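Peer 1: Please read through the structure below; I'll follow up with questions.
Number of protein chains: 4
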Amino acid sequence: MVIVMAPGASDAQIDAVVARVTEAGGEAFVSRGDERAIIGLVGDIDRFHGLNLRTYPGVAEVVRISTPFKLVSRQHHPAMSTVYVGETRVPIGPDTFTLIAGPCAVETPEQTLAAAEMAQAAGATLLRGGAFKPRSSPYAFQGLGETGLRILSDVREATGLPVVTEVVDVADVELVASYADMLQIGTRNAQNFTLLQAVGEIGKPVLLKRGMSSTIEEWLMAAEYIAQRGNLDIVLCERGIRTFEKATRNTLDVSAVPVAHDLAHLPVIVDPSHSGGRRDLVVPLSRAAIAVGADGIIVDVHPHPDTALCDGPQALVDGDLRELATVVRQFPSLLGRAPGQPLGV
Amino acid sequence: MVIVMAPGASDAQIDAVVARVTEAGGEAFVSRGDERAIIGLVGDIDRFHGLNLRTYPGVAEVVRISTPFKLVSRQHHPAMSTVYVGETRVPIGPDTFTLIAGPCAVETPEQTLAAAEMAQAAGATLLRGGAFKPRSSPYAFQGLGETGLRILSDVREATGLPVVTEVVDVADVELVASYADMLQIGTRNAQNFTLLQAVGEIGKPVLLKRGMSSTIEEWLMAAEYIAQRGNLDIVLCERGIRTFEKATRNTLDVSAVPVAHDLAHLPVIVDPSHSGGRRDLVVPLSRAAIAVGADGIIVDVHPHPDTALCDGPQALVDGDLRELATVVRQFPSLLGRAPGQPLGV
Amino acid sequence: MVIVMAPGASDAQIDAVVARVTEAGGEAFVSRGDERAIIGLVGDIDRFHGLNLRTYPGVAEVVRISTPFKLVSRQHHPAMSTVYVGETRVPIGPDTFTLIAGPCAVETPEQTLAAAEMAQAAGATLLRGGAFKPRSSPYAFQGLGETGLRILSDVREATGLPVVTEVVDVADVELVASYADMLQIGTRNAQNFTLLQAVGEIGKPVLLKRGMSSTIEEWLMAAEYIAQRGNLDIVLCERGIRTFEKATRNTLDVSAVPVAHDLAHLPVIVDPSHSGGRRDLVVPLSRAAIAVGADGIIVDVHPHPDTALCDGPQALVDGDLRELATVVRQFPSLLGRAPGQPLGV
Amino acid sequence: MVIVMAPGASDAQIDAVVARVTEAGGEAFVSRGDERAIIGLVGDIDRFHGLNLRTYPGVAEVVRISTPFKLVSRQHHPAMSTVYVGETRVPIGPDTFTLIAGPCAVETPEQTLAAAEMAQAAGATLLRGGAFKPRSSPYAFQGLGETGLRILSDVREATGLPVVTEVVDVADVELVASYADMLQIGTRNAQNFTLLQAVGEIGKPVLLKRGMSSTIEEWLMAAEYIAQRGNLDIVLCERGIRTFEKATRNTLDVSAVPVAHDLAHLPVIVDPSHSGGRRDLVVPLSRAAIAVGADGIIVDVHPHPDTALCDGPQALVDGDLRELATVVRQFPSLLGRAPGQPLGV
């Protein structure tokens, strides 16, 4: 942390800042220039924040420097992590490219199985599907709940695909974890800290979507909440941010992938379905995600998108899926990545 | 809802849309132009959404028209509502202007009482104070919990001010409601739907902050989640939205006050402390809030902001408070509003 | 400027930065902490920028501190400036509140005169009106050009109101200045630097609208472009910024008024018509603008908004104008401001 | 265009709207529902806009439907266009992938030649370089002007690479066009309509950068301004938009490439240097741009970035360039694109 004094700040004002920092157990280094002085602080940043040095007389600005996340930071853990999902240990990490696919919402056993088979044919090694759906409107379809979880579990039995599914309520974490292989935190819960802590304690891998208006730093801080409870099996998921552009539902921030990889040792995947909100963008955005360096993608598929109860307009149908399958076969190998196949039990 | 067909869409394609809508219990009205046809839909909009008409051949665009919220809408409830808080029934509504003030976080009995007395001297008739604090970083001060609630309760006893305090977890709703007179939902939980439903069931007034990236429509929809559970004692709170501008912590969207008043019958207040994040902006933004038509404001005060554990830089001190007291006395009367005094038991 | 070195940066790396800064005529002060070193720079910031110190080995971050604008800054000119417009010297500044009103676009002599009389009746002391209109679409009405300027000049003759009008092209600056009393730079030209320099040289007061996506710092820097050419008669105009919210055309950033007043000595006014884009918001936003401390407002009026060639939906009609007149009479006096009446020749 | 009437609008109100539209030469089709009526309009949309139907009694909303650009639209020109640059006719279009590279600013003949040779070695077939630089601060380096153009022309002579360079002032368009093979319009001039018209008349290909806060629709409308003056040799360039995220200078909107390709027949390229503003992001974002379907990229290179006068931190150096060369050789072929080699005179 650096304290910038105003031009003309007095020695007494500078001394007051130094005294407060020292009192709080930190060290303060003063640099005097012609126009103004600068004070460098070393020690416990969170402690310094509590001092409210910005309000001291003569202080012009307080500049924070150290990264505020620790456990997920690459600073003390430079090697990239791989997260393994399910009994068959499907990897998500730096050496592989993993396709996660399935229906946005679980509706019926038939629809879910059909979607899973489409996903698997396209190269998916993990199944996504929503049993609990957070919806902006209370009048929209909210998911089948435990019935949906049971369907997902049956489809895992039938296809061998481990299951990724969202949890929206602390009270449901144990229930969802008893069925799922990986718990998803959705964009609307990106700063629901009690939920983050709850999934941090349950001992299953977590797929953490970026809040639609979270900075990359806030996203990593959300991951830190999970990590702090003892769970480092976290996969970050970029899914588009909210901007002024309305041609797409959100703006896919592909730069977030290399930026997050640079700051944290966690895998990063991309959701090309929810970011664009348009079926015709899913394949191009999937290519962009692979090319920018994502460790995987998560894609909506549906056997009959025109009757889907949720986000049908963005679900891939058969023809698109064949194109996606080709993309997933060809592009990752250019970046030295193998398919995200299960390692086996 | 209006369906816009692409130029050159065939009669069969138009008929398919009409058939689907009719089948779903709606009515469809076709208007044919030289270049393209337009289909107006009448009936259950939510139902129509499920049809995914955007994916039908020949459909260029689907335009939603009806407002998606119902219970909080002025369409069927044109008169503005007043919400009464506490046993002494402090009003928030169209005829009054209510000042809510207190410390961002409850730290000690002394600090809370001192802040409450400052607030009261400035004209506040409700006390704010955080016992549970949602913080971006897991390393930041998270609040005193139940101890904080007890302090708030004691200070209510001493000052007569009803208490507004935040709840961040479904598991705490009953506990918080047993101490507080009004439950606050913070900006990070603006789309935590299970929490919204839980406070909707507990039967106490709710202060619903706008999500920092929620549209006004999404904010009203969040209110609808509460209303749906039988609680219409909801006060909306504009607290700044996330934009590209970095001179202020958030951008206070004053236009949201008249826009929300136009759409919903709920009171709307403004938080000038958290929107600007700067002490020097609190009084000017308070004046703007009153002038634009807000039904109240909620302001941070602290007896010793330089040692505050949370958001000290924006807390008002004595001198500013006297200025605020003058503003709160003078400006609302120009708009025909009386002070928000308790009606008595 | 402060250089933050990475943890573990070597002495040689620190020395290299110091050497480069010294070579460039600056001074460098090194503070060493346990984890990392910080280097404070004193001297010519623009020069330092050219050094690209961010690219030096061991450098983690470069933090800019000094304000980058000079002539418009309050740092060396703490007293607020008043700008006088027209031969009758209508003031815009800290002691007055000035209402500027008129039609968005000049259409006919009759419409312009009628609008000017409406404006004057409401208390306006300056007339606005567009002869050159920058429009997003090349197919939209682009203004009457010199014919429009002549109409404005005739209406000034008839009413005594000095004229504010927009210039969109360097080639037109002399022509527009020969008719107008104040030149307006619109939001789309907020970073058209050659146009800013051209109006800086012409010797007439300038009304500088904020770019719809300009930060406050960029806005002041645009003013600096004008000031650098010898013209300090600049009035800043906040007119809404581009955000994710779509209920209003733009989001009026009222906080920008006190923030700009804090940084620059220039007057700041607000455009409540173009920010909201809705007639029903003009009066509430005008009240908010006055209350937050604006030195004036600029408002669209039109005798027949339903046939206006430009932005009719936001133009005030008779009834609203009477309300606005009351507001402009009552609110500024609470803040100690007199009406912006001409001082006389 | 669709007019949505308020619930309870009277027949007389509906008739008034229909009468006005018919009077203006359009056709109006009324659909009556249980709750409200909808009126579909067919005819000249721009004309309808002028009618300000939103202000008519009983009108709740006006919804625009038709695309507002014509000449650049794919609606009447479904085949994608190829633009040829320079005497040797370097193509930018659907069958090729074209690398444009060079220094952000022309500084000296040696630096420019060295950068051009680096660019060519990496596979570039067009040279970029700024002689006129629009800078936010009037105190920053503004470019060498005509001296810079002469250097670019000499380097073209030496290397055979056609030259792309920015023009910032209508007064310079002829001068710049006399040296350059392609004129660039920068992001700050994206709505400088007189400049757009001027380059539309000069008869050289234009590289049109997206405004940093332009919607895709506004960007295409800017292209329409150029096209209207008889020049359809326009290449669109996505260069990042302004959002709340601050880890990157701007947020590269890769989705804009397929969206613009879907709406307009013009080639679309990407600028990975200015969007990220960080050297370490240039190669990953270049890969993403190719993969999403861009027709080319434009990249900053500099022989000595640590002494660059402009944007050094993002300029590629030798090692990165070799990586970029590999990417440009491998990725486009997966999408069936050949290198953008000159066709020859």
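Protein chains in written order, with the working numbering: chain A, 1 to 345; chain B, 1001 to 1345; chain C, 2001 to 2345; chain D, 3001 to 3345. Note that the Cβ used here is the ideal one computed from N, Cα and C, for glycine as well. Quick caveat, the model's predicted, so the values are computed rather than measured.
The alpha helix (DSSP H) that contains R1020(B), what's its start and end?
Peer 2: Counting along the chain, the alpha helix (DSSP H) containing R1020(B) begins and ends at D1011 to E1023.
Peer 1: In or out: T147(A) buried (at least 16 other Cβ within 10 Å) or exposed?
Peer 2: Exposed, because fewer than 16 other Cβ atoms sit within 10 Å of the Cβ of T147(A).
Peer 1: Note down, one range per segment and in chain order, each beta strand (DSSP E) of at least 3 residues found wholly within the region 2167-2242 of chain C.
Peer 2: Correct list: 2182-2185, 2206-2209 and 2234-2238.
Peer 1: Whose Cβ in chain D lies nearer than 7 Å to the Cβ of F1069(B)?
Peer 2: Within 7 Å Cβ-Cβ: nothing; F1069(B) doesn't reach chain D, min ~15 Å.
Peer 1: Hey, R1229(B) and G1200(B): beta-carbon distance below 8 Å or not?
Peer 2: Contact: yes.
Peer 1: Measuring straight from C-alpha to C-alpha, what distance separates Q75(A) and L263(A)?
Peer 2: Q75(A) and L263(A): Cα-Cα distance of roughly 8 Å.
Peer 1: How about G3160(D) and R3128(D): do their beta carbons lie closer than 8 Å?
Peer 2: Not in contact: G3160(D) and R3128(D) (Cβ atoms no closer than 8 Å).
Peer 1: State the start and end residues of the unbroken beta strand (DSSP E) segment that holds R2150(C).
Peer 2: Counting along the chain, R2150(C) falls outside any beta strand (DSSP E), though it belongs to the alpha helix (DSSP H) covering E2146 to T2159.
Peer 1: If you measure from the beta carbon of P351(A) to each beta carbon in chain D, is any gap under 8 Å?
Peer 2: What is shown of chain A runs 1 to 345, which leaves residue 351(A) out entirely.
Peer 1: Would A79(A) be called buried (16 or more neighbouring beta carbons within 10 Å of its own) or exposed?
Peer 2: Flag for A79(A) reads exposed.
Peer 1: Helix, strand or coil: how does DSSP classify L3343(D) here?
Peer 2: Coil at L3343(D), not helix or strand.
Peer 1: Apart from the five residues just before and just after T1088(B), which ones in its own chain have a Cβ nearer than 8 Å to its Cβ?
Peer 2: Same-chain partners within the cutoff: G1160, P1162, P1342, L1343, G1344 and V1345.
Peer 1: If you count every other CB in all the chains shown that lies within 10 Å of the CB of K209(A), and 16 or more means buried, which is it?
Peer 2: Its Cβ being crowded by 16 or more others within 10 Å, K209(A) is buried.
Peer 1: Along chain D, which residues have their Cβ under 8 Å away from the Cβ of P267(A)?
Peer 2: Near P267(A) there are no residues of chain D at all, since even the closest Cβ is about 16 Å away, more than 8 Å.
Peer 1: Give me whichever residues DSSP pairs with Y3056(D) in a beta bridge.
Peer 2: BP columns for Y3056(D) are empty, so no partner.
Peer 1: Counting Cβ pairs closer than 8 Å, one from the region 103-111 of chain A and one from the region 139-159 of chain A, do we hit at least three?
Peer 2: Yes, they touch.
Peer 1: Just mark T3112(D) as buried or exposed, buried being the case when its beta carbon has 16 or more other beta carbons within 10 Å.
Peer 2: Answer is buried; the Cβ neighbour count reaches 16.
Peer 1: Restricting to Cα atoms, I'd like to know which of A222(A), P305(A), E23(A) and V83(A) is closest to R47(A).
Peer 2: Closest option to R47(A), Cα to Cα, is E23(A).
Peer 1: Less than 8 Å between the C-beta atoms of G1319(B) and S1275(B), yes or no?
Peer 2: Result no, Cβ atoms of G1319(B) and S1275(B) do not sit closer than 8 Å.
Peer 1: Where does P1091(B) sit, in a helix, a strand or coil, going by DSSP?
Peer 2: If DSSP states are grouped into helix, strand and coil, P1091(B) belongs with the strands.
Peer 1: If you draw a straight line from the alpha carbon of V299(A) to that of Q2314(C), how long is it in whole angstroms?
Peer 2: Using only the alpha carbons, I get a separation of about 44 Å.
Peer 1: With distances taken between CB atoms, is the gap from G2123(C) to L2099(C) smaller than 8 Å?
Peer 2: The answer is yes: Cβ separation under 8 Å.
Peer 1: Please decide whether F1097(B) counts as near chain C, where near means a Cβ-Cβ distance under 8 Å.
Peer 2: F1097(B) does not count as touching chain C.
Peer 1: On the DSSP bridge assignment, give the partners of D253(A) in chain order.
Peer 2: In DSSP, D253(A) forms a bridge with D3253(D).
Peer 1: Among the residues of its own chain, which have a CB less than 7 Å from the CB of V3363(D), if the five just before and after it don't count?
Peer 2: No information on residue 3363(D) is available, as it lies outside the stretch 3001 to 3345 that chain D covers here.
Peer 1: Using DSSP bridges, identify the partner residues of G1102(B).
Peer 2: DSSP output for G1102(B) lists D1300(B) as bridge partner(s).
Peer 1: For M3118(D), which three-state DSSP category applies?
Peer 2: If DSSP states are grouped into helix, strand and coil, M3118(D) belongs with the helices.
Peer 1: Any C-beta of chain C within less than 9 Å: which residues of the region 1233-1245 of chain B qualify?
Peer 2: So the list reads G1240, I1241, R1242, T1243, F1244 and E1245, given in the order they occur along the chain.
Peer 1: Is V168(A) near T1194(B), with beta carbons less than 8 Å apart?
Peer 2: Cβ distance < 8 Å, so V168(A) and T1194(B) count as in contact.
Peer 1: Please state whether DSSP places A2028(C) in a helix, a strand or coil.
Peer 2: It is a strand residue.
Peer 1: Compare the beta carbon distance of G1277(B) and R1249(B) with 8 Å and say whether it is the shorter of the two.
Peer 2: Yes, they are a contact pair.
Peer 1: Would you report the Cα separation of A289(A) and I3014(D), rounded to the nearest angstrom?
Peer 2: The alpha-carbon atoms of A289(A) and I3014(D) are separated by roughly 50 Å.
Peer 1: Consult DSSP for L2263(C) and reduce its assignment to one of helix, strand or coil.
Peer 2: Reduced to three states, the DSSP call for L2263(C) is helix.
Peer 1: Give a yes or no on whether 8 Å exceeds the smallest Cβ distance from D2253(C) to chain B.
Peer 2: Yes, contact with chain B.
Peer 1: To the nearest angstrom, how far is it from the Cα of Q142(A) to the Cα of P134(A)?
Peer 2: One C-alpha to the other measures close to 7 Å.
Peer 1: Scan the region 3202-3229 of chain D for residues whose Cβ lies nearer than 7 Å to a Cβ of chain C and list them as they occur along the chain.
Peer 2: Listed in sequence order: M3212, S3213, E3218, M3221, E3224, Y3225 and Q3228.
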